[in-house]
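Student:
Protein chains in written order, with my numbering: chain A, 163 to 364; chain B, 17 to 209.
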């Protein structure tokens with residue numbers, strides 16, 4: 163007996179026929195999204211916070227499995243994902259650029275963000291709070307730091323991990339469950355902790 | 017003991033309790049959506065004792081050979097259970113939201129081997145990773161309390177009566193009657209038994 167053979171009574175992906183070219187299960191795909199063949203995206207919230215005006219805003223390669231993913235992309239945001247990557251309930255918060263390679267595994271409830279969303283300076287934060295409020299309709303928000311996130315090929319990221327702005331995770335690195343990554347991670351190391359510490363090689 | 021079977025009268029989701037699950041009739045399961053990722057073919061894939069409760073958001077992501085058991089009067093609120101071999105939880109356990117209990121990494125550590133598995137996945141109808149790579153059982157003793165967002169990694173045993181702080185990552189065994197917290201978790205103090 164192997165995993166491929168069990169009978170599928172309550173299909174967890176969709177009752178619709180699966181695995182069509184560039185298939186998204188739960189509705190219409192936004193126009194500026196490019197999805198490679200045999201890639202599937204599922205989840206009611208996948209594009210709920212998708213506001214990007216870039217074209218393409220989201221470029222996904224072939225043979226990826228992206229289940230329950232959130233693409234929360236701001237108007238300037240741009241995400242690239244390679245081939246054969248496997249995400250479960252990953253949350254991608256993007257205002258600038260997130261680049262994810264091929265053969266990348268991302269576990270449940272992991273967040274990747276390329277911005278802090280609000281300014282650091284207290285006075286600017288007040289201005290931001292007002293601009294974000296229902297009374298701040300025509301006000302522009304202050305400049306907010308954004309730094310692109312790069313995740314190279316063959317990276318494994320466990321569940322409940324957090325990857326913050328400006329980080330580059332080297333090829334083949336292994337990020338344990340629950341790790342908080344705020345600095346670059348060299349290739350092929352295993353990291354754990356808050357903040358992430360190197361605990362060995364892969 | 018009579019077991020819960022079939023559908024649940026209060027359920028918003030139109031699923032059923034898996035045939036190889038033994039759930040005591042006095043236990044409370046909020047929704048069968050919790051079994052949406054359940055695919056165990058073990059003789060008994062899931063066992064839930066009397067008076068235990070499984071609330072919304074708990075997901076039994078149990079692979080083909082996985083076995084999960086929960087004692088009596090235990091509570092799980094929105095827990096992610098990733099099991100390919102065995103996860104055993106004792107009586108009176110309290111497990112909070114977004115806790116991850118994983119007895120497996122699902123894919124090989126070696127990136128070259130991992131690639132081979134990732135190439136196979138998109139060819140399957142349901143894209144599960146059901147490999148037995150690095151699966152090591154998790155045992156959680158009676159009367160253990162785990163705080164929210166914590167992770168318990170493969171092979172870990174948590175002794176009776178211990179407390180795991182919120183957002184901790186438990187990488188090594190925790191002795192009975194101990195408070196452990198941090199990422200990675202370390203012992204904070206001991207409790208009177």
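All residues carry an ideal CB built from backbone N, CA and C; glycine is no exception.
Please determine, among 154/B, 24/B, 96/B, the residue with the shortest C-alpha to C-alpha distance to residue 47/B.
Tutor: Position 31 of the second chain, counted from the first residue, corresponds to residue 47/B. Considering only alpha carbons, the answer is 24/B.
Student: State whether the region 244–253 of chain A contacts the region 214–227 of chain A, with contact taken as three or more CB pairs (one from each stretch) at a distance under 8 Å.
Tutor: Contact between the region 244–253 of chain A and the region 214–227 of chain A is present, because at least three Cβ pairs lie under 8 Å.
Student: Using the beta-carbon of each residue, which ones in chain B are nearer than 8 Å to residue 321/A?
Tutor: One-based indexing of the first chain puts residue 321/A at position 159. Those within 8 Å of residue 321/A in chain B are 96, 98, 116, 118, 167.
Student: Have a look at residue 183/A and residue 199/A and give me their C-alpha separation to the nearest angstrom.
Tutor: Sequence index remark: in the first chain, residue 183/A carries index 21 (1-based). Sequence index remark: in the first chain, residue 199/A carries index 37 (1-based). Any reading at residue 183/A must be qualified, since the residue scores a pLDDT of 41, below 50, and its modelled position is unreliable; no value is offered.
Student: What does DSSP give as the partner residue(s) for residue 228/A in the beta ladder?
Tutor: On the first chain, residue 228/A is found 66 positions in, with the first residue counted as 1. DSSP output for residue 228/A lists 203/A, 249/A as bridge partner(s).
Student: Does DSSP classify residue 353/A as helix, strand or coil?
Tutor: Taking the first residue of the first chain as position 1, residue 353/A is located at position 191. Three-state DSSP puts residue 353/A in a strand.
Student: In chain order, which beta strand (DSSP E) runs of at least 3 residues are fully inside the region 59–129 of chain B?
Tutor: List check, beta strand (DSSP E) in window: 62–64, 69–71, 75–78, 83–86, 91–93, 96–99, 102–105, 116–118.
Student: Please report whether the beta-carbon of residue 160/B lies at a distance below 8 Å from any beta-carbon of chain A.
Tutor: Locating residue 160/B in the second chain gives position 144, counting from the first residue. Judged by the 8 Å Cβ criterion, residue 160/B is not in contact with chain A.
Student: With three or more C-beta pairs closer than 8 Å as the rule, is the region 117–135 of chain B touching the region 258–271 of chain A?
Tutor: Touching, per the Cβ criterion.
Student: At the level of alpha carbons, what is the spacing between residue 350/A and residue 333/A?
Tutor: Working through the first chain from its first residue, we reach residue 350/A at position 188. Working through the first chain from its first residue, we reach residue 333/A at position 171. If you take the alpha carbons of residue 350/A and residue 333/A, they lie about 6 Å apart.
Student: Leaving aside the five residues before and after residue 72/B along the sequence, list all residues of the same chain whose C-beta is less than 7 Å from its C-beta, in chain order.
Tutor: For the purposes of this step, residue 72/B is taken as residue 56 along the second chain, with counting starting at 1. These residues qualify, in order along the chain: 46, 47, 94.
Student: Just the Cα atoms here: how many angstroms apart are residue 363/A and residue 318/A?
Tutor: Walking along the first chain from the start, residue 363/A turns up at place 201. Walking along the first chain from the start, residue 318/A turns up at place 156. One C-alpha to the other measures close to 13 Å.
Student: Within the same chain, show all residues whose beta-carbon is closer than 6 Å to that of residue 63/B, passing over the 5 residues directly before and after it, in chain order.
Tutor: Start at 1 with the first residue of the second chain, and residue 63/B comes out as number 47. Within the same chain, residue 63/B has close Cβ partners 38, 85.
Student: At 8 Å on the CB atoms, spell out the chain B contacts of residue 316/A, in chain order.
Tutor: One-based indexing of the first chain puts residue 316/A at position 154. Near residue 316/A (Cβ distances below 8 Å), the residues of chain B are 127, 130, 131.
Student: Quick one: give me the first and last residue of the alpha helix (DSSP H) that residue 196/B is part of.
Tutor: One-based indexing of the second chain puts residue 196/B at position 180. Looking at the DSSP string, residue 196/B is not in any alpha helix (DSSP H); the run it does join, the beta strand (DSSP E), is 194–197.
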